[in-house]
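**Q** All residue numbers in the sequence shown are consecutive under the working numbering, ending with 129. In this text, a Cβ means the ideal position worked out from N, Cα and C, and glycines have one as well.
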Amino acid sequence: MQGNRSRDTSPEIALRRELHRRGLRYRVDRRPEPDINRRADIVFGPARVAVFIHGCFWHGCRWHYTPPRTNDGYWSAKVTGNKARDIQTRRWLRARGWQVITIWEHENVAAAAARVESEVRARR
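#1: Using CA atoms only, rank isn't needed, just tell me which of VAL54, PRO16, THR94 and ARG32 is closest to ASP40.
#2: Give me the Cβ distance between TYR70 and VAL48, rounded to the nearest whole Å; I'm assuming they're in contact under 8 Å.
#3: Name the one or two DSSP bridge partners that GLN104 has.
#4: Measuring alpha carbon to alpha carbon, tell me which of ARG53, ASP91, HIS59 and ALA55 ends up nearest SER11.
#5: Span of the beta strand (DSSP E) holding ILE47?
Below, the structure written as structure tokens:
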């Protein structure tokens, strides 16, 4: 698991490039709230928008997740825990006035960037 990146993955970089091209400025890999021990992939602080980019395997995508053939007990528990943590993070941030946007790695980059851009511009 050390070889798996926690930031600067290909889907993250592609989305960040597209957002930057559209004139949006943001922070990368930051805590939206200092007392909540969770980091968002992209944070628009003044607009209070947090963007999470999820990998299909690690976060249990309903269309692309395939259970592993080996050590299924460990990996199933890991993915289930990730999904529960994602739900809790969304609840915490929404309770504090943040808009949480989840982008899956298989989504079209331009469409995902358009979703983020419209939300950020609407909240400014």
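**A** This is what the structure gives:
#1: It is THR94.
#2: Actually they are not in contact, since the Cβ atoms of TYR70 and VAL48 sit about 26 Å apart, beyond 8 Å.
#3: VAL54
#4: Checking every option, the nearest Cα to that of SER11 belongs to HIS59.
#5: 45-49
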